[in-house]
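Letter by letter, the sequence shown follows residues 259 to 493 of this note's numbering. Contents: one structure, followed by commentary.
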Amino acid sequence: MPKFSVLPGILLAIRFGIQCIDTYIGTKIVEGVFRRMRSSPLLIGILLLTVALPPAAAGQEAVLDILPIRPFNFDISFNQRTFAPKTRVIAAQVGITALRYGPLEMRTVYQYYSHHTPTFVTDQHSLFLNPRWNNFIDVLDFPKGTPLNRVIRHVLFGPLEDRAVPYVGALIGGTLPGRDADSPGYLYGGQVGVRFPVARGFSVDMGLQYTRFEIDFKSVSDLSEQWLFTIGMRL
């Protein structure tokens, strides 16, 4: 009689069982991740940012750079606001880039605004964090023949398309005076702009900002909206 070995059958059964366990565990892990994402906007934001990063940035290992080249910036801003007062004014701001990680960077900015007239005096101090995503349009690196990011760069920046560093950013911080003359108020907003490196250690920066913030003006506290056009340099 022919002899049959039960060993192959046992090994096959063990392999099938392991595959079933892996599938079950993987399903539970995915379900747990999605349950956490539904309750955590931060996880959703991290996932979207990871997906949105250009392939070159996502595929290469980024290096954390503390106080990178050109960490200081000095800007003059021309702004229009809806309250305190409703006029076009000029403000000055200074900032420092504390951290850079690949195309991402974190800046801290101080802004001073002063408006003196015969009837009122307004001095406002703002301090906010300014995370930026540099070269964000490079996420449009498709189709292969004529990438959209190259077309946009050529249309917007012409012969400077290879030197321009377009960016988007967020603003979050506080102002003084805010809810009253002696207490701070909150500030938040966003920005879009471009930086042109001129030489090693020097670049020109232009941007458009939108902010909302609390401010006390003539003993009245209210929420003001402000558009700013900034131009300055980074050293």
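Ideal placement from N, C-alpha and C gives every residue a C-beta, glycine not left out. This one's a predicted model, so the numbers in the text were calculated from it and none came from an experiment.
Could you pull the DSSP bridge partners for residue i from this structure?
i      : result
Thr355 : Arg365
Gly465 : Gly451, Thr488
Asn331 : Gly353, Arg492
Glu419 : DSSP output for Glu419 lists no bridge partner at all.
Pro389 : Met364
Ser441 : Asp438
Arg470 : Tyr446, Glu483
Thr380 : His373
Arg458 : In DSSP, Arg458 forms no bridge with anything.
Ile348 : Phe336
Val478 : Phe475
So, residue i versus residue j, is the Cβ gap smaller than 8 Å?
i      : j      : result
Tyr368 : Ala349 : no
Ala320 : Gly353 : no
Phe475 : Phe341 : yes
Leu429 : Gly447 : yes
Phe386 : Val426 : no
Gln484 : Arg339 : yes
Glu472 : Gly436 : yes
Leu481 : Ser384 : no
If you draw a straight line from the C-alpha of residue i to the C-alpha of residue j, how long is it?
i      : j      : result
Thr366 : Ser479 : 26 Å
Thr469 : Gly443 : 13 Å
Glu419 : Ile489 : 19 Å
Val309 : Pro405 : Bear in mind that the predicted position of Val309 carries a pLDDT of just 44, short of 50, making it too unreliable to give a figure here.
Ser441 : Ala422 : 40 Å
His373 : Pro455 : 33 Å
Lys402 : Gly451 : 26 Å
Asp399 : Asp381 : 45 Å
Gly465 : Ser477 : 32 Å
Leu325 : Thr377 : 44 Å
Pro336 : Val347 : Per the sequence shown, residue 336 should be read as Phe rather than Pro. Looking at the two C-alpha atoms, the distance is approximately 6 Å.
Phe487 : Gly416 : 21 Å
Gln351 : Val409 : 33 Å
Val413 : Asp438 : 46 Å
Asp333 : Arg411 : 24 Å
Met491 : Asp463 : 6 Å
In the DSSP assignment, the alpha helix (DSSP H) including residue i goes from what residue to what residue?
i      : result
Asn407 : 406 to 415
Can you name the start and end residues of the beta strand (DSSP E) that residue i belongs to?
i      : result
Leu434 : 423 to 438
Ile324 : 322 to 324
Grab me the residues of residue i's own chain with a C-beta within less than 8 Å of its C-beta, minus the 5 sequence neighbours each way, in chain order.
i      : result
Pro389 : Leu362, Glu363, Met364, Arg365, Gly427, Ala428
Ala356 : Ile324, Leu325, Pro329, Met364, Arg365, Thr366
Cutting at 6 Å between CB atoms, please list the residues of its own chain near residue i, excluding the five before and the five after it.
i      : result
Phe330 : Ile354, Leu493
Leu322 : Tyr359
Phe449 : Sequence check: residue 449 is Gln here, not Phe. Hits under 6 Å: Gly427, Gly465, Gln467.
If you measure from the beta carbon of residue i to each beta carbon in chain D, is any gap under 8 Å?
i      : result
Val352 : Absent from the structure is chain D; it holds one protein chain and no more.
Excluding five sequence neighbours on each side, which residues of the same chain lie with their C-beta closer than 7 Å to the C-beta of residue i?
i      : result
Pro424 : Asn393, Phe394, Ile395, Val452
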